[in-house]
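Mapping of the sequence shown onto our numbering: residues 334 to 432, in sequence order.
Built from N, CA and C at the ideal position, the CB exists for glycine as well.
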Amino acid sequence: MKNVHDIIRRPVLTEQAYAGFAEKKYVFEVAIDANRTEVKKAVEEIFGVKVEKVNTQRTLGKIKRQGKFSGRTPEIKKAFVTLKKDSKSIEFFDGMAAQ
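Set out below in structure tokens:
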């Protein structure tokens, strides 16, 4: 079994992510091989909230060149987590979007 802290890597803090805080929608970067069920269980265990749904998105890395050498930046997977209406919000994000 995977460790929950290996599934959830870090929060994604962008303008679009900040806009979702009021509606209890949060964005996390997750492990490439994590599925929706694992992400849901990890968020519920780490933050103590109730998750309604999880949407995931995989992004391929961009091709970068340095002279004649080319390579790719790492690919990432993002999870868009929506909490249930009766669930509390995630305390980590509470002070960030209060403007």
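Would you tell me roughly how many angstroms separate the C-alpha atoms of residue i and residue j, rounded to the nearest one?
i: F361; j: K383; result: 16 Å
i: R369; j: I341; result: 12 Å
i: R405; j: T415; result: 31 Å
i: S420; j: G381; result: 9 Å
i: V395; j: F402; result: The amino acid occupying residue 395 in the given sequence is Lys; Val does not appear at that position. Those two C-alpha atoms are separated by around 14 Å.
i: L393; j: K410; result: 9 Å
Going by DSSP in three states, residue i sits in which element: helix, strand or coil?
i: E356; result: helix
i: A412; result: strand
i: I423; result: coil
i: I341; result: strand
For the alpha helix (DSSP H) containing residue i, list its first residue and its last residue.
i: F380; result: R369 to F380
Exposed or buried, what is residue i when buried is set at 16 or more other beta-carbons lying within 10 Å of its beta-carbon?
i: A355; result: exposed
i: E371; result: buried
i: A352; result: exposed
i: K357; result: buried
Output the boundary residues of the beta strand (DSSP E) element that contains residue i.
i: K395; result: Unbroken run through K395: none, as it is neither H nor E.
i: G400; result: G400 -> no beta strand (DSSP E), and no H or E assigned at all.
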